[in-house]
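Mapping of the sequence shown onto UniProt numbering: residues 1 to 186, in sequence order. Backbone N, C-alpha and C fix where the C-beta goes; we use that ideal spot for every residue, glycine too. Below is one structure, written out as structure tokens; comments come after it.
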Amino acid sequence: MSTVSKARPGGRSARIQEAVHDAVRSLQASSSRDAITVPLIAARAGVTPSTIYRRWGDLAALLSDVAADRFRTPESPAETGSLRGDLLAWAAQFIEEMGSTPGRGYIIDVVAGDSTGANTGACVNYARSALKEIFGRAPDAGLRDLEDALDRLVAPMMYRIIFDSDRIPSGYSTTLVERYLAAHPT
Numbered sequence: 001m002s003t004v005s006k007a008r009p010g011g012r013s014a015r016i017q018e019a020v021h022d023a024v025r026s027l028q029a030s031s032s033r034d035a036i037t038v039p040l041i042a043a044r045a046g047v048t049p050s051t052i053y054r055r056w057g058d059l060a061a062l063l064s065d066v067a068a069d070r071f072r073t074p075e076s077p078a079e080t081g082s083l084r085g086d087l088l089a090w091a092a093q094f095i096e097e098m099g100s101t102p103g104r105g106y107i108i109d110v111v112a113g114d115s116t117g118a119n120t121g122a123c124v125n126y127a128r129s130a131l132k133e134i135f136g137r138a139p140d141a142g143l144r145d146l147e148d149a150l151d152r153l154v155a156p157m158m159y160r161i162i163f164d165s166d167r168i169p170s171g172y173s174t175t176l177v178e179r180y181l182a183a184h185p186t
């Protein structure tokens, strides 16, 4: 008989993660950030605080993990029928979500508790995947530079979201998309 165990998708570990993430999201919706503690999360999730500390290390790392998960969008980027339209819709939605008060909080949590870079890297990959899907629908998909799109679209939006205390001006995402498309004519 083999003693090698195989990871079970949706097994106990996944259930614990889901319960803890749900508890954090529930507490974030009903409590101030300063009121959220590991023992409170553990009680709401039905686990011991040691389970949380063993898996995440500390509250900051847990909040980073939960926040990074919020960057993942379960649905595909809007399909408008054109590359320009798809990029405009995606960029406007990105700014709206990440530039909101909760969105900015998620960004802070992702960065603050991510000592390994795993969660920030996951967030970049979520944006990369959305852009890759958009480009995959375009007839000239092979001509698009995904990393340049991250540099010209996502990076300036994130910079403004993180460091500009004012709301991002209306039309900012349109300007970025138009500049990107002008630099990469079909």
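Check                                                                                                                   : Outcome
First and last residue of the uninterrupted alpha helix (DSSP H) at D109                                                : T101 to A112
The region 44 to 57 touching the region 9 to 27, judged by at least three CB pairs closer than 8 Å                      : yes
Beta-carbon proximity of T80 to A89, cut-off 8 Å                                                                        : yes
Straight-line Cα distance separating P49 from N125                                                                      : 30 Å
Distance, P102 Cα to D148 Cα                                                                                            : 28 Å
Nearest candidate by alpha-carbon position, reference E97, set R15, S173 and D58                                        : S173
Inter-stretch contact at 8 Å, needing at least 3 Cβ pairs: the region 102 to 113 / the region 55 to 71                  : yes
Simplified DSSP assignment, three categories, for residue 222                                                           : Lying before the first or after the last residue shown, residue 222 is absent from the chain, which here runs from 1 to 186.
Cut-off 6 Å between Cβ atoms - residues of its own chain near Q28, not counting five sequence neighbours on either side : none
Limits of the unbroken alpha helix (DSSP H) element including H21                                                       : R12 to S30
Exposure of Y159, with buried meaning 16 or more beta-carbon neighbours within 10 Å                                     : exposed
Classification of P77 by the beta-carbon crowding that lies within 10 angstroms, buried from 16 upward                  : buried
Through-space distance from S170 to I95, alpha-carbon basis                                                             : 10 Å
Assumed close pair I134, D86 - CB separation to whole angstroms, cut-off 8 Å                                            : 5 Å
C-alpha distance - G105 paired with T186, whole-angstrom precision                                                      : 38 Å
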